[in-house]
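Colleague:
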Amino acid sequence: NAGVTQTPKFRVLKTGQSMTLLCAQDMNHEYMYWYRQDPGMGLRLIHYSVGEGTTAKGEVPDGYNVSRLKKQNFLLGLESAAPSQTSVYFCASSYRQGARYNEQFFGPGTRLTVL
Amino acid sequence: AQSVSQHNHHVILSEAASLELGCNYSYGGTVNLFWYVQYPGQHLQLLLKYFSGDPLVKGIKGFEAEFIKSKFSFNLRKPSVQWSDTAEYFCAVNAHGQNFVFGPGTRLSVLP
């Protein structure tokens, strides 16, 4: 099993450009998450999905959109990138939210720089 | 709403020193508790977790954590650190039916 994979690993954008980050998991997990990691702030939840075709806002959703067209994929889009979106983005997945024996599995991350 | 605090931003230790990283959470109900580790340039990996039962949880690489419900704490310990333990450590809380909440992280530097 590959677990959780993310593409690309690195990306540099200019302000105003758009891009999509792809997350894929092969563990048949229902839940998927997108986090951003900034120094001293830990991980903050951007958006999450509780199943195919569903999405929900997390703690810091502004400036991002997501889609979950297939159970194994969760896409994060930036329509008009801003320097404040320079961060490391992590995707994670889990069987269920808050369920007994639940844990999140993380991807390797995407380092995004917006100039 | 849940929140998680970690006592130290950056801890510097010499090899063989003992480690204790503090974690406190605010939530009155039943929670699941986790410690994740992030080695330099890598993704988060689960170190250990607590769901129920024995409040002293043993994880990988000699780490353990103790859940003290009355103090809302889940401190991470290791009796003797190694240079390879240099990493960032995140405490996380997950209440039933709610999202995971991560602490801000503690950076551990172990000097050889």
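Chains A and B supply the protein sequences, listed in that same order. Going by this note's numbering, the residue at position 95 of the first sequence is 113; the numbering climbs one at a time, nothing skipped. Going by this note's numbering, the residue at position 52 of the second sequence is 148; the numbering climbs one at a time, nothing skipped. Using N, Cα and C, we set each Cβ at its ideal position, and we do this for glycine too.
Could you confirm whether any beta carbon from chain B is found closer than 8 Å to the beta carbon of E121(A)?
Modeller: For E121(A), a Cβ of chain B is located within less than 8 Å of the residue's own Cβ.
Colleague: Taking Cβ positions only, does F163(B) come closer than 8 Å to chain A?
Modeller: For F163(B), the nearest beta carbon of chain A is not closer than 8 Å to its own beta carbon.
Colleague: Mind the definition here: the region 132 to 143 of chain B touches the region 104 to 121 of chain B only if three or more C-beta pairs lie below 8 Å; say whether that holds.
Modeller: no
Colleague: To which residues of the same chain is R134(A) closer than 7 Å at the C-beta, ignoring the five residues directly before and after it?
Modeller: Given that chain A is displayed from residue 19 to residue 133, the structure contains no residue 134(A) and the question cannot be resolved.
Colleague: Contact criterion: CB-CB distance below 8 Å. Does N171(B) meet it with respect to chain A?
Modeller: no
Colleague: Any beta-carbon of chain B closer than 8 Å to the one on F124(A)?
Modeller: yes
Colleague: Give me the chain B residues within the contact set of G58(A), using Cβ-Cβ distance strictly less than 9 Å, ordered along the chain.
Modeller: H105, P200, G201
Colleague: Would you call the CB atoms of V177(B) and Q98(B) closer than 8 Å?
Modeller: no
Colleague: Measure how close the beta-carbons of R203(B) and H105(B) come, nearest whole angstrom, since I'm counting them as under 8 Å.
Modeller: Separation of the CB atoms of R203(B) and H105(B) is rounded to 7 Å, and the pair is thereby assigned contact status at 8 Å.
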